[in-house]
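A.B. asks: Numbering (the UniProt record's numbering), first residue to last: 1 to 559.
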Amino acid sequence: MATSGPENKTDDTMAEQKSSLALVQSMLAAAGIASRARHTTRFGVLVDLAGETFKIPDLTNSACPSYWKPKLHPQAADLRRDIEDFLELWCPSDDVLAHLQGLDIGGLAAAWAHDAEYKHVCWVAYFFAWFCLWNEEAQEDLPSVVDAEPTVAHARSAVTIRRFENGANIVEAKDAVDTPVGKPEWMVDKSNDTGNVGGGSDSPHQESASFEEGNNREDLSHDTASSGDEKPTGHEHVGSSLEAPGSGEEDTSKNERPSICVSDSSTADLPARSQEEVAEDADLPTPEIDSNDNAAPSRCDAIGLISELLLADCPDDLLTSIQAEELGCAFYDYIAHPLREAYDHGRRRLLSEEIKSYVTSGERGSKMQKTETLPSIEEFWQRRMKGSEFKFLLMATELVAGVRLPEHILRHPEMQNLFNAALEHTWIVNDILSFHRQTELGYIGFVGLIFAQKGDLTFAIDVAVAAASHAAGVFERSARHLAVDLMNEAGETESFPMWKRLDVLLDLRKFVNACRSSCIGSLAWGYATPCYKMKKFSKDSEGAKVVKLPLKVAEDLFG
1 MATSGPENKT
11 DDTMAEQKSS
21 LALVQSMLAA
31 AGIASRARHT
41 TRFGVLVDLA
51 GETFKIPDLT
61 NSACPSYWKP
71 KLHPQAADLR
81 RDIEDFLELW
91 CPSDDVLAHL
101 QGLDIGGLAA
111 AWAHDAEYKH
121 VCWVAYFFAW
131 FCLWNEEAQE
141 DLPSVVDAEP
151 TVAHARSAVT
161 IRRFENGANI
171 VEAKDAVDTP
181 VGKPEWMVDK
191 SNDTGNVGGG
201 SDSPHQESAS
211 FEEGNNREDL
221 SHDTASSGDE
231 KPTGHEHVGS
241 SLEAPGSGEE
251 DTSKNERPSI
261 CVSDSSTADL
271 PARSQEEVAE
281 DADLPTPEID
291 SNDNAAPSRC
301 DAIGLISELL
311 LADCPDDLLT
321 SIQAEELGCA
331 FYDYIAHPLR
341 EAYDHGRRRL
351 LSEEIKSYVT
361 SGERGSKMQK
371 TETLPSIEEF
381 WQRRMKGSEF
391 KFLLMATELV
401 AGVRLPEHIL
411 RHPEMQNLFN
421 AALEHTWIVN
431 DILSFHRQTE
441 LGYIGFVGLI
451 FAQKGDLTFA
461 IDVAVAAASH
471 AAGVFERSAR
481 HLAVDLMNEA
491 GETESFPMWK
501 RLDVLLDLRK
511 FVNACRSSCI
521 GSLAWGYATP
531 CYKMKKFSKD
541 SEGAKVVKLP
551 LKVAEDLFG
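This is the structure we're talking about:
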């Protein structure tokens, strides 16, 4: 097992030599494994995995630099209460409510943006909650919002009516009974800062609470619990995982990236795309909102709303055309409005274009995930880089950090490398921690796909950990190079004098810290959430989790 952090094994020269995908390919080649090998079907892999026992090393040491320390936002308790109110308002049933409460969405946001202003960490939490709610409704065995019990539908309708009567972005219940409705918390800054926007090390917040302090509702440290006495989270199904394969990592966007997103360099090791795939992505139509009462809401509908509401000249007019029972109103008040406030129209258009490409190819990616034939590692990697839900939040890092970076910094090649590395680290670590959950649901993620090449689970975990560690090393190298390049830009210009350059450097520091917080925060949440069940597994003498896959996986899924 890999045991050392990336700072001990990844120097600048090594990081420049290969991408994380190239590292995986070289490790497979060194083991004498072709790109496609032992198994080519999902069934064959799941049969071989049933009953297997493996170890997951302490990823905070083996996949992260030693100075990446997970922390919680100092107002994590307030955040969790606010998210409870949001879920109680918008969940269509008690079953869905119980399940989403079990995910600890507030804890994820508090770890993701531990040093951000309270209104910004609230935005992260509301996005996670809203997207998870759309996930739930997309499941065939759950009630749609349009089929919600009358009291919930009535409350939601009343909220919409009050919004438009007042003409202000305030959510209050007009006639709803027993519904905890209030202002979106991004409107109420609960922090005690003195007005300095932004997070990072220069934020005026009190020092963030660490996971080890255990001063919140549930200690998120994976070092404190290994018993199996977790309470059930309610409805257990594919929607349980924020990032499990099938829940959003569809093959999506175009390669041309005008802002912080997946650059051409991140897909340099991928096979050439077919003419059909290129043609499919050539024209990206604007997603339409289906007003059919009987139509099941979908992930594409949800993301499509983001795009339309970001750019609409009169978002209220668009919202009136959406059914009151849908989540368009909730999205605008809690998520789109802060984005419209923070970004000018040009930035919002860049974000909207990225979202449209995600929506357009989402259905194709979902169909690929459900097929019995396994994708190649290169195909899977491309899908993860272009379709991870974490990607959208990383794209909004400026909002979370409370900064605005110059466009030429956002377009800088090292910024592209930094963003790609953060995204790689996040989804790879998530795939490792959710591997047990994936096999229960019959999905083959990154670890399962590596296992399919050789049939050796220890080898598969080692490759995945090495890839995550490498991504962390690339992230740190890119951050250093980006700062050096900023200060070494030739001469002063009237539009970018030295004093302004120093201000940008401070904002860049906050931005990098926010990305770093997202990576280590999602890792800490992955250990703690009941969704992945990591707390029920014991540790060996070296701190590795000893995980046993259920024998009944293949039997339950395939009879």
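Think of the CB as a built atom: it goes at the ideal place given N, C-alpha and C, for glycine as much as any other residue.
Using a threshold of 8 Å, state whether the C-beta atoms of residue 432 and residue 465 are closer than that.
C.D. replies: Yes, the Cβ-Cβ distance between residue 432 and residue 465 is below 8 Å.
A.B. asks: Taking the alpha-carbon of residue 547 as reference, which of 439, 133 and 103 has the nearest alpha-carbon?
C.D. replies: With distances taken between Cα atoms, residue 547 lies closest to 439.
A.B. asks: Scan the stretch 38-66 and note each continuous alpha helix (DSSP H) run of 4 residues or more that stays entirely inside, going in chain order.
C.D. replies: You should have 42-49 and 59-62.
A.B. asks: Counting pairs of beta carbons, one from the stretch 516-529 and one from the stretch 53-67, are three or more of them closer than 8 Å?
C.D. replies: Enough Cβ pairs lie closer than 8 Å, so yes.
A.B. asks: If you pair each beta-carbon of the stretch 440-458 with each one of the stretch 471-490, do three or more pairs fall below 8 Å?
C.D. replies: No, they do not touch.
A.B. asks: Might you give, ordered along the chain, the residues of its own chain that have their beta carbon closer than 6 Å to the beta carbon of residue 127, omitting 5 neighbours on each side?
C.D. replies: The answer, listed in chain order, is 335.
A.B. asks: In whole angstroms, give me the CA-to-CA distance for residue 457 and residue 531.
C.D. replies: Using only the alpha carbons, I get a separation of about 22 Å.
A.B. asks: Of the choices 480, 501 and 450, whose alpha-carbon is the least far from that of residue 489?
C.D. replies: Ranking the options by Cα distance to residue 489, first place goes to 501.
A.B. asks: Since residue 500 is in the alpha helix (DSSP H), which residue starts that stretch and which ends it?
C.D. replies: Start and end: 498-528.
A.B. asks: Are residue 120 and residue 403 touching if we call contact CB-CB under 8 Å?
C.D. replies: No; because the gap between Cβ atoms is not below 8 Å, this pair is not in contact.
A.B. asks: Relative to the alpha-carbon of residue 376, which residue among 28, 19 and 339 has its alpha-carbon at the smallest distance?
C.D. replies: Of 28, 19 and 339, the residue nearest in Cα terms is 28.
A.B. asks: Just checking, does the stretch 67-82 make contact with the stretch 40-47 on the three C-beta pairs under 8 Å criterion?
C.D. replies: No: the two stretches stay apart, fewer than three of their Cβ pairs being nearer than 8 Å.
A.B. asks: State yes or no: is the C-beta of residue 422 within less than 8 Å of the C-beta of residue 63?
C.D. replies: No.
A.B. asks: Could you please give me the residues that DSSP links to residue 426 through a beta bridge?
C.D. replies: Answer by DSSP bridge pairing: none, since residue 426 is not bridged.
A.B. asks: Within the same chain, show all residues whose beta-carbon is closer than 7 Å to that of residue 52, passing over the 5 residues directly before and after it, in chain order.
C.D. replies: Excluding positions up to five away in sequence, the list reads 457 and 549.
A.B. asks: Is residue 383 near the ligand MN, in the sense that its beta carbon is under 7 Å from a heavy atom of that ligand?
C.D. replies: Ligands in the displayed structure: none, and consequently the ligand MN is not present.
A.B. asks: In this structure, how does DSSP classify residue 403 when only helix, strand and coil are distinguished?
C.D. replies: Looking at residue 403 - three-state DSSP - the assignment turns out to be coil, as it is neither helix nor strand.
A.B. asks: Which residue from 513, 522 and 541 puts its Cα closest to that of residue 67?
C.D. replies: Per the Cα distances, 513.
A.B. asks: Grab me the residues of residue 515's own chain with a C-beta within less than 6 Å of its C-beta, minus the 5 sequence neighbours each way, in chain order.
C.D. replies: Once the five neighbours on either side are set aside, the close Cβ partners of residue 515 are 397 and 422.
A.B. asks: Measuring CB to CB, does residue 97 end up less than 8 Å from residue 108?
C.D. replies: No.
A.B. asks: In this structure, how does DSSP classify residue 386 when only helix, strand and coil are distinguished?
C.D. replies: The answer is helix: DSSP assigns residue 386 an H, G or I state.
A.B. asks: Does the separation of the CB atoms of residue 507 and residue 405 fall below 8 Å?
C.D. replies: Yes, the pair counts as a contact, with Cβ atoms nearer than the cut-off.
A.B. asks: Within this structure, are the beta carbons of residue 447 and residue 460 separated by less than 8 Å?
C.D. replies: Cβ distance < 8 Å, so residue 447 and residue 460 count as in contact.
A.B. asks: Is residue 356 helix, strand or coil when you go by DSSP?
C.D. replies: If DSSP states are grouped into helix, strand and coil, residue 356 belongs with the helices.
A.B. asks: Does DSSP classify residue 539 as helix, strand or coil?
C.D. replies: Correct three-state label for residue 539: strand.
A.B. asks: Run the CB neighbour count on residue 345, radius 10 Å, all protein chains shown included, and call it buried at 16 or more, exposed below.
C.D. replies: The residue is exposed, with fewer than 16 neighbouring Cβ atoms inside 10 Å.
A.B. asks: In angstroms, rounded to a whole number, what distance separates the CA positions of residue 380 and residue 50?
C.D. replies: Roughly 22 Å separates the two Cα atoms.
A.B. asks: So, with DSSP's three-state summary, where would you put residue 548?
C.D. replies: Three-state DSSP puts residue 548 in a strand.
A.B. asks: Ordered along the chain, which non-local residues of its own chain (more than five positions away) have a Cβ less than 6 Å from that of residue 270?
C.D. replies: Low per-residue confidence applies at residue 270: pLDDT is 44, beneath 50, and the placement is therefore not dependable enough to give any value.
A.B. asks: Measuring straight from C-alpha to C-alpha, what distance separates residue 408 and residue 306?
C.D. replies: Roughly 25 Å between the two C-alpha positions.
A.B. asks: Under the assumption that residue 393 contacts residue 518 (Cβ atoms under 8 Å), give the Cβ distance between them as a whole number of angstroms.
C.D. replies: Residue 393 to residue 518, Cβ: 7 Å. Contact.
A.B. asks: Residue 503 to residue 40, Cα distance in whole Å?
C.D. replies: Near 53 Å, if we compare the C-alpha coordinates of residue 40 and residue 503.
A.B. asks: Within 10 angstroms of the Cβ of residue 373, are there 16 or more other Cβ atoms? Answer buried if so, exposed if not.
C.D. replies: So residue 373 counts as exposed.
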